[in-house]
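In what follows, a structure is listed as structure tokens, so that the remarks can point back to it.
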Amino acid sequence: MDDIILLKLGELVLKGLNRKYFEQRLIANINHRLEGLGKFKVYSLQSTIYVEPQSGGCDMDEAFEALKQVFGIITLSRAAACEKSADAILRTARKYLADELSSARSFKVETKRSDKSFPMTSIQLSQFIGGELQDAFPHLAADMHNPEVTVYIEVRDFAAYVHAGGVRGAGGLPVGTSGRAVSLLSGGIDSPVSTYMMAKRGLKIIPVHFFSFPYTSELAKQKVLDLASILTHYCGKMTVEIVPFTHIQEEIRSKCPEEYFTIIMRRFMMRISQRIADMNGCKALITGENLGQVASQTVEAMAVTEACCTLPVFRPLIGMDKEEIVRISRQIGTFDTSILPYEDCCTVFTPRRPRTKPRLEDVESVEAALDINALIEDALNGIIRIRV
Ligand code: ATP
Ligand code: MG
830 MDDIILLKLG ELVLKGLNRK YFEQRLIANI NHRLEGLGKF KVYSLQSTIY
880 VEPQSGGCDM DEAFEALKQV FGIITLSRAA ACEKSADAIL RTARKYLADE
930 LSSARSFKVE TKRSDKSFPM TSIQLSQFIG GELQDAFPHL AADMHNPEVT
980 VYIEVRDFAA YVHAGGVRGA GGLPVGTSGR AVSLLSGGID SPVSTYMMAK
1030 RGLKIIPVHF FSFPYTSELA KQKVLDLASI LTHYCGKMTV EIVPFTHIQE
1080 EIRSKCPEEY FTIIMRRFMM RISQRIADMN GCKALITGEN LGQVASQTVE
1130 AMAVTEACCT LPVFRPLIGM DKEEIVRISR QIGTFDTSIL PYEDCCTVFT
1180 PRRPRTKPRL EDVESVEAAL DINALIEDAL NGIIRIRV
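Next up, the structure:
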């Protein structure tokens, strides 16, 4: 009896002609995610993806958990494959679902038959299997409306599959099917969540982190790399671009009025991120900004921040409450790392009374004291890339 995993595709089945491309991308992402867990054969047929172990060494439990984090999958079931005959299906159901059927009080059988040449109709097969299972597990009551266990039988082209229902997958679109974007990743709670949310919509992510050594420590950098590693469960492998930011911050501090520190610093982040985006074929920038959360996240401040770049800036958290953001952060596993107490570069140079309603002309005239292009080139030349 072969234990396999069946994956139902989410929204991508709606995508008409693009569907093959979406499926291929999803299968590639699944194969990456299963690396190190054994040798699997992954293929799609009739809007289901089949994940079959190819050797005894496959860790099916780990594989199942890993696939729950792959975007583009709406439900996952572990199933047993068998020959397409009523007797083989019955034997498989009795054995494979023995635990579930022994401990439940009620059950029903549901058959889907995409192979219309199978000699019984779906209803006939359900009735046959249901009757036989009831003889084998006499304590079970048949309950068509609210059964504790549903035995699902799928009769498909090459085999039949028996399982007891699925669990929810990660949803969304396969990473890579919407193109690429740069995500500004700090060590905070918000930006890992915004990165996750846009990867869920199919973007392949290049994380960028601005690092202000020695004002922020090696530990602060390691924290960001740890966050990025957690995010790879959803986003796939990534290369984090660590941008040296100390010199820029010191220049701003020595040449600009304090009330503009944060906004000018954020504009440098956007300019540099856009350059990194251009170098990597990225078509958008992503931040964890949230309306009204801090002085640099007013409508006016965000308008001034994004005025220096031309790419669209995606802010998926813009309308969320902090508790909703925290809930997602816990759910995706970044929260405990995000709250470790290492300084971010933004907090090091925080003005006492920041401008909450900056005007673009004022900011531009204050920035004129800086050699913006040279500072950007220097920072770009100092980038360190780390694969996670
Ligand atoms: P977070 O929790 O993501 O740090 P925040 O609420 O602390 O967000 P800010 O510090 O103002 O807000 O930063 C706003 C956004 O700017 C962040 O969500 C992130 O996208 C980006 N950002 C801030 N600091 C950095 C950094 N050092 N490197 C990269 N991006 C950063
Ligand atoms: Mg922050």
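Just so we're aligned: 1150 in my numbering is position 321 of the sequence shown, and the numbers increase by one with no gaps anywhere. For every residue, glycine included, the Cβ atom is placed at its ideal position computed from N, Cα and C. Quick caveat, the model's predicted, so the values are computed rather than measured.
CB of residue i within 8 Å of CB of residue j, strictly
i     : j     : result
Q1103 : L1140 : yes
S1041 : F1074 : yes
I856  : I918  : no
K839  : G1031 : Position check: residue 839 holds Gly in this sequence, whereas Lys was assumed. Going by C-beta atoms, G839 is not nearer than 8 Å to G1031.
I1101 : I1205 : yes
V978  : I958  : no
A1113 : F1143 : yes
S1012 : T1024 : yes
R920  : D832  : no
F947  : V984  : yes
Q883  : F869  : yes
L874  : D986  : yes
V1072 : F1039 : yes
Q1126 : E1118 : yes
A922  : L962  : yes
M1026 : P1145 : yes
S955  : E939  : yes
P1021 : V1195 : no
V1133 : V1192 : yes
L1189 : I1147 : no
I1059 : A999  : no
A971  : K941  : no
Member of the options whose CA lies at the smallest distance from the CA of residue i
i     : options                    : result
V1222 : H861, G839, L835           : A question about residue 1222 goes unanswered here, because the residues of the chain that appear run from 830 up to 1217.
L905  : V1053, S1020, R997         : R997
V1004 : C887, Y990, E1172, Q898    : Q898
A895  : V1128, N860, A1124, T1116  : N860
D1107 : L1189, P1183, I1035, E961  : I1035
K1084 : L1014, F900, A1198         : A1198
T1061 : N847, K1029, R1082         : K1029
V1053 : V1217, Q1078, P948, D831   : V1217
K913  : V938, M949, D890, Q1160    : M949
Y850  : H974, D890, S1007          : S1007
P1180 : T1166, I1093, E1193, T1163 : I1093
G994  : F1164, I1201, E1153, K837  : K837
R1009 : C1064, A892, S932          : C1064
H968  : R942, S943, S932, H974     : S932
L1048 : I902, Y1171, I1213         : Y1171
N1210 : I1161, H1076, E1080, C1111 : H1076
D1173 : K941, Y1044, E1193         : Y1044
R934  : D890, D1200, S951, P976    : P976
F1097 : Q1078, C1111, G1110        : Q1078
C1111 : E891, K1033, A927, S1046   : K1033
T1185 : Q1122, I1212, S943         : Q1122
Beta bridge counterpart(s) of residue i as assigned by DSSP
i     : result
A971  : F936
T979  : K937
Y990  : A910, E983
D831  : A910
I1213 : I1071
V1123 : Its beta-bridge partners do not exist; DSSP assigns none.
S1012 : P1036, I1115
R1030 : L1002
Simplified DSSP state of residue i, which is helix, strand or coil
i     : result
K1084 : helix
I1018 : coil
V1037 : strand
A1132 : helix
R1188 : coil
R942  : strand
V996  : strand
V1142 : strand
K837  : strand
R1095 : helix
L962  : helix
R1182 : coil
L1204 : helix
P1002 : Strictly speaking, residue 1002 in this sequence is Leu, with Pro absent from that position. In this structure, L1002 counts as strand in the three-state DSSP scheme.
S1194 : helix
D1173 : coil
T950  : coil
K1066 : coil
F1042 : coil
I1157 : helix
T1166 : helix
D1150 : coil
N847  : helix
task: Identify every run of the beta strand (DSSP E) within the stretch 858-934, keeping only runs that are complete inside it and at least 3 residues long; order them along the chain.
output: 869-874, 877-882, 902-911
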